[in-house]
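Note that the working numbering has the sequence shown beginning at 4, numbered continuously upward.
Note that the Cβ used here is the ideal one computed from N, Cα and C, for glycine as well.
As structure tokens, the structure follows; a few thoughts come after it.
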Amino acid sequence: MESNPAKARYHWRPARAWLCLIVYWLLSLGGAGVLAKSGMPSSQEFGYVIFIMLVLVSACMLTERGEWKLWRRVLWVPGSWLLHASLCASVIGFIGAMFAGRSEFEARATSFFGSLPIVLISMRRSRLFVTAEEPLQNSETKVLRDAA
């Protein structure tokens, strides 16, 4: 099975990816915590986490690595909002068991954990967080093929 030479392979830029995830965690849960302390309803906390997720997803789609057409990148942003709703529905059972008796954390934790897969997929599509592997030269490819 030979790989398609036109399709590049990508690997993470771990320092940027971890920094982004930590900042995302601090902004989303920290901001939702501030809203909770100010007496806002839990729906505001939930919405704030979604807003931060959509800002990050939009930034990732603006710097998409060029494999998706424009219409697909544009549809991914509102589609991620809809996907978030279905992911949160599946996370509720896990979060309910984890935060039993501590309902003040339930809304923001559900929204945060439901957004993580979307954020990771978007980050994987962005040039900010991945880099293309260098393509093999013809002589290197021949040596690897002969060794196999």
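Extent of the continuous alpha helix (DSSP H) to which residue i belongs
i	result
W28	P17 to K40
A135	Here A135 belongs to no alpha helix (DSSP H); instead the beta strand (DSSP E) covers V133 to A135.
G69	No alpha helix (DSSP H) holds G69; DSSP gives it neither H nor E.
Buried versus exposed, by CB contacts within 10 Å (16 or more), residue i
i	result
W79	buried
F132	buried
F115	buried
R111	buried
R12	exposed
S125	buried
L32	buried
W15	exposed
Alpha-carbon spacing of residue i relative to residue j, whole angstroms
i	j	result
L30	H87	18 Å
G36	A135	38 Å
I98	E109	7 Å
CB contact flag (residue i, residue j, <8 Å)
i	j	result
V60	S89	no
S129	V52	no
V122	M56	yes
I95	T113	yes
E107	A39	yes
Closer than 8 Å to chain B by CB, residue i
i	result
F132	Any reference to chain B falls outside this structure, which holds one protein chain only.
Note to self: Using 8 Å as the cut-off, can you tell me whether the region 11-19 makes contact with the region 32-49, which would need three or more C-beta pairs spanning the two stretches below that distance?
What the structure shows: no
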